[in-house]
Amino acid sequence: FLTATAAYVVQLYLYKCACLKWEEVSIMDEKNIPIRTYQVCNVLEPNQNNWLRTDWIPRSGAQRVYVEVKFTLRDCNSLPGVTGTCKETFNLYYHESNEDRESYIKESSFIKVDTVAADESFTQVDVGDRIMKLNTEVRDVKVTTRKGFYLAFQDVGACIALVSVRVFYKTCPLTVRNLATFPDTITGADTSSLVEVRGSCVNQSEEREEPKMYCGADGEWLVPIGGCLCNPGYEERGGACKACRAGFYKAKSTDPGCAKCPPHSHSLRDGATICDCHAGFFRADTDPPSMACTQPPSAPQQLISVVNETSVVLEWTPPHRLGGRSDTSYNFPRPGSAGGSVSSSQFCAPCGSDVLFSPGQTGLTTTRVVVSELRAHTHYTFIVHARNGVSQASGAGAAQSVSVSVTTNQAAPSPVSSIQATDVTRHSLSLSWQQPDRPNGVILEYEVKFYEKDQRERSYRIMRTFSRSVDVTGLNPLTVYVFHVRARTAAGYGEFSTPFEFSTNSDPFPLIGEGVNSAFLLLSVSGVGILLLISAAVFIISRRRSKYSKTKQDSEEEKHLNPGVKIYVDPFTYEDPDQAIHEFAKEIDVSSIHIEKVIGMGEFGEVCSGRLRVQGKREIYVAIKSLKAGYSDKQRRDFLSEASIMGQFDHPNIIRLEGVVTRCKPLMIITEYMENGSLDAFLRKHDGQFTVIQLVGMLRGIASGMKYLSDMNYVHRDLAARNILVNSNLVCKVSDFGLSRVLEDDPEATGTYLSPGGKIPIRWTAPEAIAYRKFTTASDVWSYGIVMWEVVSYGERPYWDMNNQDVIKAIEEGYRLPAPMDCPVVLHQLMLDCWERDRAERPTFSQILNMLDKLIRNPGTLRRTGGERYLQCTKAKTEISSSKVWSLCEWLQSIGLERYRDTLAAAGYTSLDSLLALTHQIEVEIMNPR
32 FLTATAAYVV QLYLYKCACL KWEEVSIMDE KNIPIRTYQV CNVLEPNQNN
82 WLRTDWIPRS GAQRVYVEVK FTLRDCNSLP GVTGTCKETF NLYYHESNED
132 RESYIKESSF IKVDTVAADE SFTQVDVGDR IMKLNTEVRD VKVTTRKGFY
182 LAFQDVGACI ALVSVRVFYK TCPLTVRNLA TFPDTITGAD TSSLVEVRGS
232 CVNQSEEREE PKMYCGADGE WLVPIGGCLC NPGYEERGGA CKACRAGFYK
282 AKSTDPGCAK CPPHSHSLRD GATICDCHAG FFRADTDPPS MACTQPPSAP
332 QQLISVVNET SVVLEWTPPH RLGGRSDTSY NFPRPGSAGG SVSSSQFCAP
382 CGSDVLFSPG QTGLTTTRVV VSELRAHTHY TFIVHARNGV SQASGAGAAQ
432 SVSVSVTTNQ AAPSPVSSIQ ATDVTRHSLS LSWQQPDRPN GVILEYEVKF
482 YEKDQRERSY RIMRTFSRSV DVTGLNPLTV YVFHVRARTA AGYGEFSTPF
532 EFSTNSDPFP LIGEGVNSAF LLLSVSGVGI LLLISAAVFI ISRRRSKYSK
582 TKQDSEEEKH LNPGVKIYVD PFTYEDPDQA IHEFAKEIDV SSIHIEKVIG
632 MGEFGEVCSG RLRVQGKREI YVAIKSLKAG YSDKQRRDFL SEASIMGQFD
682 HPNIIRLEGV VTRCKPLMII TEYMENGSLD AFLRKHDGQF TVIQLVGMLR
732 GIASGMKYLS DMNYVHRDLA ARNILVNSNL VCKVSDFGLS RVLEDDPEAT
782 GTYLSPGGKI PIRWTAPEAI AYRKFTTASD VWSYGIVMWE VVSYGERPYW
832 DMNNQDVIKA IEEGYRLPAP MDCPVVLHQL MLDCWERDRA ERPTFSQILN
882 MLDKLIRNPG TLRRTGGERY LQCTKAKTEI SSSKVWSLCE WLQSIGLERY
932 RDTLAAAGYT SLDSLLALTH QIEVEIMNPR
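Each number in my numbering corresponds to the 1-based position in the sequence shown with 31 added.
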């Protein structure tokens with residue numbers, strides 16, 4: 032056995048065998064080296080049938096073997112007198128057998144492989160000059176039914192010499208790909224077959240995705256899928272996983288390789304998954320292994336205080352040593368106070384919960400805090416702690432704190448919190464209130480300010496009292512008064528209370544407090560009862576009157592139950608299709624339609640283009656679908672239901688229904704006309720002619736339309752580039768809601784197969800929809816990912832020439848479409864997100880739309896593709912840095928939309944920053960300039 036590239040080769044010579052008129056002859060080759068050959072040259076006699084057979088050759092697991100024959104052949108024209116009997120070919124046969132005991136095999140048992148002819152023949156002159164013209168021919172034989180086989184050579188009248196016969200089969204050699212080992216694999220039986228081989232992860236690695244490759248018929252490995260990742264502590268070197276050296280580490284299998292230990296850490300052994308911190312350094316639980324080990328901060332510096340009556344402003348400077356971290360924060364753990372004089376020896380007690388810290392008491396990132404609501408003339412001690420992410424791990428405490436003691440001043444009292452009114456009469460009332468929550472000293476007096484509500488403090492009166500109550504007289508009857516109360520201490524007046532409103536009475540009897548007149552109270556209650564009865568009567572009458580118009584208003588009420596939200600209504604829920612069509616579609620007079628030409632054939636009839644002129648509106652181009660004559664009731668219902676679906680949609684990226692014709696024949700559905708036709712054909716026609724940002728703009732329009740449909744709870748089920756229409760302004764619109772589909776000649780081109788539930792477009796459909804007919808918005812997201820691939824590849828057929836069953840199998844095994852040529856990495860990643868096996872893991876159309884908007888606003892993110900890292904500016908021919916600040920003009924020029932500069936400027940958008948708030952309506956205005 033000899034080893035060759037991608038193949039094992041077995042070298043065999045002809046054994047002594049059952050032969051007729053073949054002779055074993057020794058000759059000299061061109062180097063005068065003797066070789067053994069089998070020769071036959073019976074050219075003078077007609078009807079030659081000379082056989083030469085090999086010994087039994089074991090198959091050794093091969094399914095297709097190759098036979099290389101080296102031979103010489105005499106030119107019949109150089110042999111005189113052999114006209115009609117001389118041949119220049121011989122036949123190759125084979126016979127399969129389970130054992131090598133067959134000494135005689137009938138000719139009829141052999142299967143012919145081929146008739147072999149020579150490319151070079153020799154003459155008598157050549158022999159004299161010792162010129163050997165050696166021919167080499169290779170034939171392949173499929174051997175799959177027995178353990179071995181025989182080869183046979185049939186001479187039918189040629190002058191031939193067999194120099195050597197070499198029999199071999201091909202294998203894909205042992206290889207390591209993506210850290211997975213794939214063993215020697217014998218190729219398949221057919222020249223086009225692929226043998227699937229599952230790889231095994233190399234030592235110290237784990238499976239990222241099931242590794243697979245396919246062994247091709249030529250002995251080459253094809254289509255690598257999946258692979259393995261080196262375990263934590265190991266990195267890939269030379270196709271194997273090697274341990275990280277001391278001083279290096281690898282925390283996760285997904286990390287690219289071993290990294291040097293971060294500052295203030297070390298690893299003393301090979302294969303470390305994390306580096307240990309040096310003494311005195313720490314790592315927080317949330318710190319990544321790549322972060323340097325750090326220390327807690329030192330104490331804050333220069334803590335100063337400024338006292339303002341019962342408030343204190345505290346300020347300090349950051350610690351001298353931050354410990355190598357940027358998450359330093361400050362706390363006031365237990366501010367305490369000691370009542371009495373400053374010299375008091377009492378221990379400090381915790382402050383009450385009414386003390387206010389602004390902006391806060393813990394987790395401060397600023398170095399200034401205001402403490403208010405303190406007691407007057409009281410001694411306070413404030414302690415400021417500096418902490419960071421490793422303070423708790425290190426056990427650091429008081430060493431990182433600083434304190435200051437202050438004494439508050441005498442302060443004015445706090446506002447009065449509540450006021451009550453009693454003994455209300457026509458001209459007087461009595462007020463009472465509680466002492467302020469913080470008197471801050473001895474209350475010397477209270478001041479009451481009041482005024483009529485209508486005067487709004489333009490004219491007010493002041494009353495003072497030493498008690499917590501006062502009688503207010505001289506008031507006007509049936510008048511609302513506003514009252515404020517404040518207290519005064521030796522430090523001065525406090526703030527007025529919030530306003531309290533009280534109204535005087537129109538009757539000499541009081542309404543509030545003691546002494547309420549029972550007769551007046553009975554009259555008041557009776558009056559209230561009569562008012563309630565009148566109100567109830569009015570309500571009942573209005574209800575009865577509105578009851579009759581309720582049915583008429585139902586539809587209008589539904590529109591306002593959830594303003595801004597519209598839900599799709601299935602027209603098939605209507606018993607009468609005419610009811611649905613009249614509710615959702617507008618009837619058009621057939622005289623307003625002018626048909627110009629036929630543009631295709633739909634499922635129900637012809638599809639034409641033409642013009643629509645409605646009175647009072649400008650003439651527009653439209654697409655017209657008509658229902659062919661002889662239709663059935665079901666066809667009519669389906670036809671009208673299609674229009675009922677479209678009539679519910681109103682979005683710039685959804686094909687617009689102009690109306691229907693149902694009052695005469697033929698029935699027609701009128702939609703807007705899309706000049707550039709279907710998206711897949713349009714992209715193939717203009718292959719490579721758009722910038723990446725233009726393609727993203729098309730995808731953005733499709734995503735916007737699909738978000739609208741998903742918000743309405745409508746599932747498309749057949750989202751594909753062939754069902755997206757493009758107008759003259761390159762605006763893409765979702766179509767094909769059961770409307771006219773132009774059928775292709777090749778049924779396979781539609782990518783559908785008939786399942787028990789109907790046709791399914793396999794190449795565009797999510798796995799759960801294929802297997803279980805589970806169609807949801809998530810399955811539409813899967814289809815949108817395929818549409819993205821179609822757009823970026825300019826209309827290429829998904830999965831190329833794979834048949835439907837192979838597509839289903841490949842997807843189930845984890846295969847996903849690779850990135851098209853020049854596809855930005857971020858777009859292909861979004862496609863892969865749409866193709867998540869778990870539908871709950873796929874993005875929503877709202878998330879997709881947000882992602883595409885970010886890409887459009889930041890075109891630099893689209894520069895990196897699978898084969899390039901930078902984008903070259905076409906005009907300047909210089910490399911554009913990702914940090915360059917673009918002007919609006921430059922950005923529009925880079926994406927091929929500079930023609931919209933004036934439109935944007937007229938709308939007030941003169942810079943890229945102003946475009947960040949660009950809404951979808953502005954985008955429509957740009958794509959459809961007036």
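Yeah, the Cβ is synthetic: ideal placement off N, Cα and C, and Gly gets one too. The model shown is predicted, which means the values in this text are computed figures rather than measured ones.
Query raised in the report: Three or more C-beta pairs closer than 8 Å, one from the segment 507 to 516 and one from the segment 483 to 492: is that the case here?
Result: Three or more pairs of CB atoms, one per stretch, sit closer than 8 Å, so the segment 507 to 516 contacts the segment 483 to 492.
Query raised in the report: Any idea what DSSP makes of residue 736, helix, strand or coil?
Result: Under the three-state reduction of DSSP output, residue 736 falls in the helix class.
Query raised in the report: Do the segment 847 to 857 and the segment 883 to 896 touch if we need at least three Cβ pairs shorter than 8 Å?
Result: yes
Query raised in the report: Candidates 354, 799 and 337: which alpha carbon is nearest residue 346's?
Result: 337
Report task. Evaluate residue 800 with the Cβ neighbour count: other Cβ atoms within 10 Å of its Cβ, from every protein chain shown; 16 or more gives buried, anything less gives exposed. Result -> Residue 800 comes out buried.
Query - Closest by C-alpha distance to residue 201, when choosing among 221, 877 and 182 - result: 221
Query raised in the report: For residue 81, does the count of other Cβ atoms within 10 angstroms reach 16, so buried, or fall short, so exposed?
Result: buried
Query - DSSP-derived helix/strand/coil call for residue 788 - result: Per-residue confidence for residue 788 stands at a pLDDT of 43, beneath the threshold of 50, marking its modelled position as unreliable; the derived number appears in the next sentence. Coil, per DSSP.
Report task. Quick one: grab the DSSP three-state call for residue 313. Result -> strand
Query - Candidates 685, 668, 393 and 704, of which the one nearest residue 642 by Cα - result: 704
Query raised in the report: Is there a Cβ from chain D that is less than 9 Å from the Cβ of residue 229?
Result: Within the model displayed, chain D is absent; a lone protein chain is all it includes.
Query raised in the report: Quick one: Cα of residue 113 to Cα of residue 74, how far?
Result: Near 6 Å, if we compare the C-alpha coordinates of residue 74 and residue 113.
Query raised in the report: Shortest alpha-carbon distance to residue 226 belongs to which of 237, 254 and 235?
Result: 254
Query - Separation of residue 456 from residue 964, as counted between CA atoms - result: The requested residue 964 is not part of the displayed model; the chain covers only 32 to 961.
**Report entry** Environment of residue 79 [buried if 16+ CB atoms lie within 10 Å]
**Finding:** buried
Report task. Pull up the distance between the alpha-carbon of residue 130 and that of residue 87, whole angstroms please. Result -> Between the alpha carbons of residue 130 and residue 87 lies a distance of about 7 Å.
Query raised in the report: At what residues does the alpha helix (DSSP H) containing residue 615 begin and finish?
Result: 608 to 615
**Report entry** Top-ranked residue by Cα proximity to residue 173, from 182, 167, 166 and 165
**Finding:** 182
Query raised in the report: In whole angstroms, what is the alpha-carbon distance linking residue 148 and residue 121?
Result: 7 Å
Requested in this report: Spatial neighbours of residue 128 within its chain, please: CB distance less than 7 Å, with the 5 preceding and 5 following residues excluded, ordered by chain position.
Outcome: 87, 177, 179, 180 and 181
**Report entry** the segment 808 to 822 / the segment 732 to 747 touching (three or more Cβ pairs under 8 Å)
**Finding:** yes
**Report entry** Rounded distance between the beta-carbons of residue 702 and residue 724, thought under 8 Å
**Finding:** About 29 Å separates the Cβ atoms of residue 724 and residue 702, ruling out a contact at the 8 Å cut-off.
Query raised in the report: Taking buried to mean at least 16 other C-beta atoms within 10 Å of its own C-beta, is residue 749 buried or exposed?
Result: Here residue 749 is buried. Its C-beta has 16 or more other C-beta atoms within 10 Å.
Requested in this report: Report buried or exposed for residue 54, applying the criterion of at least 16 other Cβ atoms within 10 angstroms of its Cβ.
Outcome: exposed
Query raised in the report: So, do the segment 833 to 842 and the segment 757 to 767 have three or more beta carbon pairs nearer to each other than 8 Å?
Result: Between the segment 833 to 842 and the segment 757 to 767 there are fewer than three C-beta pairs closer than 8 Å, too few to call the two in contact.
Query raised in the report: Helix, strand or coil for residue 65 per DSSP?
Result: strand
Report task. Identify whether residue 831 lies in helix, strand or coil by the three-state DSSP scheme. Result -> coil
Query raised in the report: What residue from 618, 654 and 619 has the CA that sits closest to residue 632's CA?
Result: 654
Query raised in the report: Leaving out five residues before and five after residue 526 in sequence, what residues of the same chain have Cβ atoms less than 8 Å from its Cβ?
Result: Listed in chain order, the non-local C-beta contacts of residue 526 below 8 Å within the same chain comprise 443, 445, 446 and 517, local neighbours out to five positions each way being set aside.
**Report entry** Bridge partner(s) assigned by DSSP for residue 72
**Finding:** DSSP lists no partner for residue 72.
Query raised in the report: Do the segment 96 to 103 and the segment 241 to 251 touch if we need at least three Cβ pairs shorter than 8 Å?
Result: With a cut-off of 8 Å, the segment 241 to 251 and the segment 96 to 103 do not count as touching, because too few Cβ pairs lie within range.
Requested in this report: Take the Cβ of residue 309 as the centre, count every other Cβ of all protein chains shown within 10 Å, and call the residue buried at 16 or more, exposed below.
Outcome: Burial check for residue 309: the Cβ neighbour count within 10 Å stays below 16, so the residue is exposed.
Report task. Could you please give me the residues that DSSP links to residue 237 through a beta bridge? Result -> 260
**Report entry** Simplified DSSP assignment, three categories, for residue 277
**Finding:** Residue state, collapsed to three classes: coil.
Report task. Keeping to the same chain, check which residues put their C-beta closer than 6 Å to that of residue 344; ignore five residues upstream and five downstream. Result -> Only 337 and 401 meet the Cβ criterion.
Report task. Report buried or exposed for residue 962, applying the criterion of at least 16 other Cβ atoms within 10 angstroms of its Cβ. Result -> The structure shown has nothing for residue 962, since the chain only spans 32 to 961.
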